[in-house]
Every structure is written in C-alpha cells, then in structure tokens.
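Peer 1: In our numbering, the protein residues as written are 510 to 864.
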Ligand code: ATP
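1) What are the uninterrupted segments assigned as alpha helix (DSSP H) that are 4 or more residues long and contained completely in the region 638 to 680, given in chain order?
2) Give the secondary structure of residue 825 by DSSP, where H, G and I count as helix, E and B as strand, and everything else as coil.
3) I need the boundaries of the alpha helix (DSSP H) containing residue 741, first residue and last residue.
4) Excluding the 5 residues flanking residue 745 on each side, which residues of the same chain have their C-beta closer than 6 Å to its C-beta?
5) Provide the residue span of the beta strand (DSSP E) that contains residue 866, from first to last.
6) List the endpoints of the continuous beta strand (DSSP E) containing residue 804.
7) What residue does the alpha helix (DSSP H) around residue 605 start on, and which one ends it?
8) Closer than 6 Å by C-beta to residue 672: which residues in its own chain qualify, once you throw out the five before and the five after it? Chain order, please.
9) Based on the DSSP secondary-structure assignment, which residues constitute the bridge partners of residue 830?
10) On the DSSP letters alone, give me the boundaries of the alpha helix (DSSP H) that residue 619 sits inside.
11) By Cβ distance, which residues of its chain are closer than 7 Å to residue 593, with the 5 residues on each side in sequence left out?
12) Is the Cβ-Cβ distance between residue 543 and residue 697 less than 8 Å?
13) Rounded to whole angstroms, what is the Cα-Cα separation between residue 851 and residue 786?
14) For the ligand ATP, I want to know if residue 682 counts as a neighbour, meaning its beta carbon is within less than 7 Å of at least one of the ligand's heavy atoms.
15) Please classify residue 834 as buried or exposed, where buried requires at least 16 other C-beta atoms within 10 Å of its C-beta.
16) Could you tell me the alpha carbon to alpha carbon distance between residue 656 and residue 669, rounded to whole angstroms?
17) Under 7 Å: does the beta carbon of residue 549 sit that close to some heavy atom of the ligand ATP?
18) Quick one: is the Cβ of residue 738 within less than 7 Å of any heavy atom of the ligand ATP?
19) As a quick exercise: from 784, 551 and 604, pick the residue whose alpha carbon is nearest that of residue 627.
Below is the structure:
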C-alpha cells in the first residue's frame, strides 16, 4: 500500500487554478522534492498535505486512511517553513519542546527528547539560548529540530534552506539527507533549487503550471527529461532547432543547418520541427582537424572545477562545459571541432517547449 497518496488534488483560488489534478504516490521513508519555478503550485500542494489549505478537489490518504478533512495537528506531520517561524520569546529548548507538550509529553521524557533532537541537528548545549542569539544556520536547525522532536510520520519542508548562504546550504543538504535516512522519515521538500532537489531526493516531481510534468529519480530527470521545460529547468542545456528528415526504428535524422544529427529515437510522436537538446558537459572539444561540428571559441571562463566555453558553431552558438583535467581549452578565436555521443542527444517537440 502506498504510504502517502495525493489523488487528483486540485486547488482553485477564485477562478485561478493554482494546482490541477495532481496525483503522487509517496512510499514510506521516501524523500520527494516538488521542484519548479515560482508560482507553479508547490507551496499550495504542500499546504494541502499539511492541512493548512483545503483542496478544492481530490483526496489525500496516509497509510490508507483518508485525511483530506483532518485537522493539521492530527495528521502527525512536521512542517518547516522558509521563515523558520520560531517563537522569539522562547528558548531553543522550549521551542523544540512545544510540540511535545502539546502531545502531553512532560518532565524527564520531554527533556531527554529535546537533548536527543538537539544532538541530531548538531546543536548540543544550545537549549538555553533564544532565537535572536543564534546564527541563521543555527535557527534553521532549531526549526528542523522542532519539527523532528515529535517524531512525525511525515516531514514537510517549504524552502527551508533558502535563507542560508551557498556553502551552508550545501552542507545542510548532505546533513539533512543523513538525518532523514537515519530516522527513515517520509519527506516532501518544496524547492525551486534544482541542485537542492537533485542532492537530496529519491525522486523529483518537476512542476509547471499547477501540474507535475515529470516524476523521476534525479538521474532520470536530468538525463532523460520528458519536456523542454524539464530539460531547461534541471540544469543548462543547448537547444538546436532542426527538422526531421528521416526516421527508422533506432534513430531520427535531424537536419540542423548544414549538418545531419543522428538522435536516438524516442517513443513519443514527434513533429517534423524539433528541438535537439544536448547538455554542455556532453560536448567535447576536439582539434579542428578531427571530425565533428566545426566551431570557433568565443569565450572561455575558468570556474574552478570546469571551464565554461562558449563557441560559435556550424549549428549556432553553443555552450561547452570543459572539465578541468589535463589540457586547458583552446584560446578565444581558435578553431575546434565539437564532438558528442549520439546517445547524449535528446529530441523534444517544439510544441512541448512551453510545457
Ligand atoms: P513560490 O516558489 O514563489 O513560493 P509556489 O510554486 O510555491 O511559488 P504557490 O505559492 O503554490 O506557488 O502559488 C501558486 C499560485 O497560486 C500562485 O500564482 C499564487 O499567486 C496563487 N496563490 C497562492 N495562494 C493564494 C491565495 N491564498 N489566494 C490567491 N492566490 C493564491
């Protein structure tokens, strides 16, 4: 049985449809991200799961029981908001203990649980401080500790890391994923940060216009995006406009400018006019004398772990991510040949380009 089931959930504000017939099955212990741009309905979906927003249609089931109309505090879910929403007049320990008291836990049991939870989020000994005496990162940990203290069945996270600086955020991704695995707690994260979603999730639900447009593991979603939207939202990509000239069982021949590209065939019915997608790190720079697409280096920027190289190619301007191993890429103005594996090309209808 599915642990948490969102069944054709919809939410309309006035005549605006924020979420449209959204279905999602979450397994026990799974970490799912709702990933998408601002306004795509992520928070509304999470708020319906939490019980703060009433769905216009659809059902939510937890462990087989229909909880669509259940009050938030009865759902056994912990929620962490972007703002943390800590009680400023309460100490860290009291913030964390608040939910425990509401559930009738008092005395030594409560104190033990507070200490354990502070340990879990690596803030031992800070129980007596007030929120204003903590750094942003520490406050965020307290907010997570407060949600975890009651050992909820489901943890709901609404962009909880967006106030942290980049380095701290990266550390928290790894740490929070560790805690989630350790406790085996079913988690839904709302984020517009693709790196965050990729680092932490078992599966990513890519959202657009109130719908899930792709549900896949981070690897599948990145390597095999099902729409132009999913492709460009999950990382950088080159888009080459072409025309299908021939198809067989294995591949399509797509003309882009004067070149003919062999793109592995995909199931979906395809228009004649297509976009061919290729990620910058799949493109290799070879000497101009080698076979490949002729190109000239326009700019090359050193970014530490790789070079970002922009080229003017026979297919149009393209971006190449050149790994920082061995030789540095050729200088600006030099001629090169571009090379990739056919399997790294992805064909998506131009009609699908807007989701
Ligand atoms: P963000 O990343 O900016 O938080 P989101 O994907 O979480 O975006 P939601 O907050 O779910 O998006 O909002 C989805 C849409 O519904 C938006 O267009 C928003 O303006 C609208 N919306 C959300 N709440 C309400 C409300 N209470 N009344 C009217 N419209 C709302």
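All residues carry an ideal CB built from backbone N, CA and C; glycine is no exception.
Peer 2: In short:
1) 645 to 658
2) Working through the chain shown from its first residue, we reach residue 825 at position 316. Residue state for residue 825 is assigned as strand, using DSSP reduced to three classes.
3) Walking along the chain shown from the start, residue 741 turns up at place 232. From DSSP, the alpha helix (DSSP H) with residue 741 extends over 737 to 742.
4) The residue you call residue 745 lines up with position 236 of the chain shown. Excluding sequence neighbours, residue 745 sits near 789.
5) Look at the range of the chain in this structure, 510 to 864, and you will see that residue 866 is not part of it.
6) Working through the chain shown from its first residue, we reach residue 804 at position 295. First-last of the beta strand (DSSP E) with residue 804: 802 to 811.
7) Position 96 of the chain shown, counted from the start, is the residue given in the question as residue 605. First-last of the alpha helix (DSSP H) with residue 605: 601 to 611.
8) In the chain shown, residue 672 corresponds to position 163, counting from 1. Contacts found: 645.
9) Translated into the one-based positions of the chain shown, residue 830 becomes position 321. According to DSSP, residue 830 bridges with 817.
10) Position 110 of the chain shown, counted from the first residue, corresponds to residue 619. Here the alpha helix (DSSP H) through residue 619 covers 616 to 629.
11) Counting from 1 along the chain shown, the entry for residue 593 is found at position 84. Spatial neighbours of residue 593 in its own chain (CB-CB distance under 7 Å, excluding positions within 5 residues in sequence) are listed in chain order as 648, 649 and 652.
12) Translated into positions along the chain shown, residue 543 becomes position 34. Translated into positions along the chain shown, residue 697 becomes position 188. Result yes, Cβ atoms of residue 543 and residue 697 sit closer than 8 Å.
13) Your numbering for residue 851 matches position 342 in the chain shown. Your numbering for residue 786 matches position 277 in the chain shown. A straight-line Cα-Cα distance of about 11 Å links residue 851 and residue 786.
14) In the chain shown, counting from the first residue as 1, residue 682 sits at position 173. No - the ligand ATP has no heavy atom lying nearer than 7 Å to the Cβ of residue 682.
15) Position 325 of the chain shown, counted from the start, is the residue given in the question as residue 834. Per the 10 Å Cβ criterion, exposed.
16) Counting from 1 along the chain shown, the entry for residue 656 is found at position 147. Counting from 1 along the chain shown, the entry for residue 669 is found at position 160. Rounded to the nearest angstrom, the two C-alpha atoms are 12 Å apart.
17) Within the chain shown, numbered from 1, the residue matching residue 549 stands at position 40. Yes.
18) Start at 1 with the first residue of the chain shown, and residue 738 comes out as number 229. Incorrect: residue 738 has no Cβ contact closer than 7 Å to the ligand ATP.
19) Within the chain shown, residue 627 is the residue found at index 118, counting from 1. Nearest C-alpha to residue 627: 604.
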